[in-house]
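One structure is given below, encoded as C-alpha cells.
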C-alpha cells in the first residue's frame, strides 16, 4: 500500500514530449516553419536576406505588444487601447524631440505617458471594478485623440538634435545584421518568459486568471497585480511605439490604428486563452510570426491583398479549433 | 489546555443579531462538528475565528493570549487555517502551485529571488504522503477528482504549524467514496494534534468523525456535548427547535 502511494505521488502524468505535442503553440510553430519551407521553394523572393530581414522586423511591433497583452489575457482581462497608446507614445516622443529635447528626455516622456495610461486603466479595473473591455475601449478613443491634440494632427518627421540617434535605434542593425527591433523583441520575450515561470508575480498572474476569488482568499495582492499587468501592457505598446518611430522616421496620428486586434489575434493564435489562466511568451511571438508570414506570403505569391484578412482570421479560428478539439476529447 | 477559547462572543449586523453570547473552548486534536440550520449563525461564528469579521462583543483567546484579528491573512499567521467551501483552488495551476499559493518558496537573495519549483513539488509530495492521498504535485487541479481537490485544499493548512483548521462543508457535493477520503484527511489532521471545526449539514459525517458536537439555533449555542452522549435524533431536534436546549 505504502509503495503504491509512493509511486502514485512520484509519478509524472505527462512527459515533456507529450506536453509539447498537446500544446497549441507547438503546432502553430510547425505551421510557421512549414509555411516558410514551402515559400522558400515556391518563390524566389522569400528566402532572400532582404525579405527575411523585413519579415523579422515587421513581426516585432505586434510581437512586443502581444507579450504585454498575453499577461493581460492570462489574468482574464483585455486591453483594447494598445494601438492608440502606441500612437500617443510615438507622438509624445516625436513632439518632445522635435521641440529640441534630447532622445533621453523624449523616451522618458513617452514611457512615462505609457505607464500613466496603464496605471489609469489598471486602477479603474482593479479598484473601481470597471470591465476591462469598457475602460480600454474608452482609452482607445482618448489616447488617439490626445495624440492628435499633441501634434495638431500633423506628421512629425524631424526629431531635433538627436534625430539620427533615434533612427539608428529603430532602423539600425547593430548585431550580425539582425534588425535592432528584433533584438529588443527577443530580449523582452526572454524577460516575459522568465517572469511568468520563475517569479511570484508570474505565478499570481496565472492564479488571478484561474480563480480570482481563490487568489484573493489565499492572500494574493490581486488588485496591485492587475494594475501592474495593465501598466506592463501599456509599456509594451509604448516601447513598440518608440522603436517604430525610429524605424519609420515619421509619426502620423493613424499609426497603430486597428493594431489591437492583430495583437489579440497573435496572442490567441499563440495559445493564450481569452477566458484567462493560459498563455505563454513564446506563444505571443509565434502567433505574431504566423500573422506576418501569412501577410508576406500572400504578397509574394501574388494573391490579392484583399484576401489578407480572410487568411489571418482563418488562422485565428483554426488555431483555437485545435484547442477546442483537444478539450472535447478530454471532457469525453 | 484549550487551544481556542471564545467567551461571550456576539455579532450583530445593524439590527440583525447573527451570533449572541456564544462561549466555547477547543482542545488540541479535537474534532468539533458545528451544526445548525441555514442562518443559525455557524458561518458567522467561524468567520470571526477566521478573521473575516470582528466580534461586536466578547473575547477570543488563542493558547491563553487574547486574539484580535483584522483580516484573514492575520488568522493564518496565528496558525488558524481555513478550508473554504468552494476550496479556493485555481484549476489552471498544479497541485503544488495551489498548495503554496500566496506562500511560494523561493531561492536566491534580495530582488533576484526566484520560485523554487523543485522544493515546492517535493514538500507538496511529502504532505500528500502524510495525508495518505493519491495526489500528484505536478498534476493540474482541473484534472483532479473531488477527493483529490479536497486533499489539495487541506494540504495548504499543513504548510505551516496550524493549530486550528476550520472547514466549511467539506463533504457537500462530492461522491460517497470521496467523502470517506475527506473524513480520513480530517482524522489525519486530528492525529497531528490539530483542532478541527467542521461545519456540516451531513449528520453521518459529523457522527463518524467528530469528538464533540455543537449545535446552533438562531444565533445561540443550544448544545455542546461529546458525540458519544448524543444521537442524530437529538441533534435534529436541537437544530429544528423541537428540543429547546440541552
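Chains as they are written, first to last, in the numbering used here: chain A, 1 to 332; chain B, 1 to 246.
Each residue gets a CB set at the ideal place from its N, CA and C atoms; glycine is no exception.
Because the structure is a prediction, the values reported are computed rather than measured.
Is the shortest distance between the beta-carbon of residue i and the beta-carbons of chain A less than 8 angstroms?
i: residue 53 of chain B; result: no
i: residue 79 of chain B; result: no
i: residue 253 of chain B; result: No information on residue 253 of chain B is available, as it lies outside the stretch 1 to 246 that chain B covers here.
i: residue 197 of chain B; result: no
i: residue 109 of chain B; result: no
i: residue 128 of chain B; result: yes
i: residue 114 of chain B; result: yes
i: residue 73 of chain B; result: yes
i: residue 146 of chain B; result: no
i: residue 161 of chain B; result: no
In whole angstroms, what separates the C-alpha of residue i from that of residue j?
i: residue 283 of chain A; j: residue 291 of chain A; result: 12 angstroms
i: residue 110 of chain A; j: residue 41 of chain B; result: 56 angstroms
i: residue 178 of chain A; j: residue 93 of chain B; result: 37 angstroms
i: residue 121 of chain A; j: residue 218 of chain B; result: 45 angstroms
i: residue 232 of chain B; j: residue 34 of chain B; result: 13 angstroms
i: residue 114 of chain A; j: residue 274 of chain A; result: 23 angstroms
i: residue 239 of chain A; j: residue 313 of chain A; result: 26 angstroms
i: residue 19 of chain A; j: residue 122 of chain B; result: 21 angstroms
i: residue 4 of chain B; j: residue 111 of chain B; result: 39 angstroms
i: residue 1 of chain A; j: residue 57 of chain B; result: Below a pLDDT of 50, predicted positions are generally treated as unreliable, and residue 1 of chain A, at 46, falls in that range; the measurement from the model is reported next regardless. If you take the alpha carbons of residue 1 of chain A and residue 57 of chain B, they lie about 51 angstroms apart.
i: residue 247 of chain B; j: residue 198 of chain A; result: Because chain B in this structure spans residues 1 to 246, residue 247 of chain B falls outside the shown range and cannot be described.
i: residue 191 of chain A; j: residue 109 of chain B; result: 19 angstroms
i: residue 188 of chain A; j: residue 302 of chain A; result: 34 angstroms
i: residue 78 of chain B; j: residue 202 of chain B; result: 29 angstroms
i: residue 1 of chain B; j: residue 201 of chain A; result: 42 angstroms
i: residue 324 of chain A; j: residue 59 of chain B; result: 54 angstroms
i: residue 157 of chain B; j: residue 80 of chain A; result: 40 angstroms
Strictly under 8 angstroms for the Cβ-Cβ distance: is residue i near chain B by that measure?
i: residue 199 of chain A; result: yes
i: residue 9 of chain A; result: yes
i: residue 163 of chain A; result: no
i: residue 25 of chain A; result: no
i: residue 5 of chain A; result: yes
i: residue 324 of chain A; result: no
i: residue 72 of chain A; result: no
i: residue 18 of chain A; result: no
i: residue 277 of chain A; result: yes
i: residue 205 of chain A; result: no
i: residue 85 of chain A; result: no
i: residue 180 of chain A; result: no
i: residue 146 of chain A; result: no
Report yes if the C-beta distance between residue i and residue j is below 8 angstroms; otherwise report no.
i: residue 150 of chain A; j: residue 92 of chain A; result: yes
i: residue 210 of chain A; j: residue 277 of chain A; result: yes
i: residue 68 of chain A; j: residue 237 of chain A; result: yes
i: residue 21 of chain B; j: residue 220 of chain B; result: yes
i: residue 228 of chain B; j: residue 215 of chain B; result: no
i: residue 262 of chain A; j: residue 90 of chain A; result: no
i: residue 343 of chain A; j: residue 77 of chain A; result: Nothing about residue 343 of chain A can be read from this structure; chain A reaches only from 1 to 332.
i: residue 99 of chain B; j: residue 124 of chain B; result: yes
i: residue 23 of chain B; j: residue 8 of chain B; result: yes
i: residue 205 of chain A; j: residue 75 of chain A; result: yes
i: residue 181 of chain B; j: residue 85 of chain B; result: no
i: residue 171 of chain B; j: residue 205 of chain B; result: yes
i: residue 25 of chain A; j: residue 144 of chain A; result: no
Compute the beta-carbon to beta-carbon distance between residue i and residue j, rounded to the nearest angstrom, for a pair I have assumed lies under 8 angstroms.
i: residue 107 of chain B; j: residue 113 of chain B; result: 7 angstroms
i: residue 95 of chain B; j: residue 139 of chain B; result: 6 angstroms
i: residue 43 of chain B; j: residue 199 of chain B; result: 7 angstroms
i: residue 97 of chain A; j: residue 160 of chain A; result: 5 angstroms
i: residue 66 of chain A; j: residue 257 of chain A; result: 17 angstroms between Cβ atoms; not a contact.
i: residue 260 of chain A; j: residue 100 of chain A; result: Contact flag wrong, Cβ pair sits at about 33 angstroms.
i: residue 163 of chain B; j: residue 195 of chain B; result: 7 angstroms
i: residue 186 of chain B; j: residue 146 of chain B; result: In fact, because the Cβ distance is near 15 angstroms, the residues do not count as touching under 8 angstroms.
i: residue 102 of chain B; j: residue 138 of chain A; result: Actually they are not in contact, since the Cβ atoms of residue 102 of chain B and residue 138 of chain A sit about 33 angstroms apart, beyond 8 angstroms.
i: residue 56 of chain A; j: residue 279 of chain A; result: At roughly 23 angstroms, the Cβ-Cβ gap does not stay under 8 angstroms, so residue 56 of chain A and residue 279 of chain A are not in contact.
i: residue 272 of chain A; j: residue 90 of chain B; result: Their Cβ separation, rounded to whole angstroms, is 17 angstroms, which puts residue 272 of chain A and residue 90 of chain B out of contact at 8 angstroms.
i: residue 9 of chain A; j: residue 129 of chain B; result: 6 angstroms
i: residue 235 of chain A; j: residue 118 of chain A; result: 6 angstroms
Just checking: is the beta-carbon of residue i within a distance shorter than 8 angstroms of some beta-carbon in chain E?
i: residue 234 of chain B; result: Chain labels in this structure do not include chain E; the protein chains are A and B.
Exercise for the section: Decide yes or no for the touch test of the region 224 to 235 of chain A against the region 176 to 187 of chain A: beta carbon pairs closer than 8 angstroms, at least 3 of them. Expected result: Below 8 angstroms, too few C-beta pairs join the region 224 to 235 of chain A and the region 176 to 187 of chain A to call them touching: fewer than three.
Practice task
Take every Cβ of the region 12 to 25 of chain B, pair it with every Cβ of the region 317 to 324 of chain A, and state whether three or more of those distances are shorter than 8 angstroms.
Solution key: No: fewer than three Cβ pairs fall under 8 angstroms.
Exercise for the section: Evaluate contact between the region 48 to 68 of chain B and the region 130 to 149 of chain B, counting only Cβ atoms and requiring at least three cross-stretch pairs below 8 angstroms. Expected result: Using a Cβ-Cβ distance cut-off of 8 angstroms, the region 48 to 68 of chain B and the region 130 to 149 of chain B are not in contact, since fewer than three pairs of beta carbons, one from each stretch, lie closer than that value.
Practice task
Pair every Cβ in the region 39 to 52 of chain A with every Cβ in the region 286 to 303 of chain A, then say whether three or more of these pairs are closer than 8 angstroms.
Solution key: Yes, since at least three Cβ pairs between the region 39 to 52 of chain A and the region 286 to 303 of chain A fall closer than 8 angstroms, the two stretches touch.
Practice task
Decide if the region 43 to 53 of chain A is in contact with the region 244 to 255 of chain A; the criterion is three or more beta carbon pairs, one per stretch, under 8 angstroms apart.
Solution key: The answer is no - the region 244 to 255 of chain A does not touch the region 43 to 53 of chain A, with fewer than three Cβ pairs under 8 angstroms.
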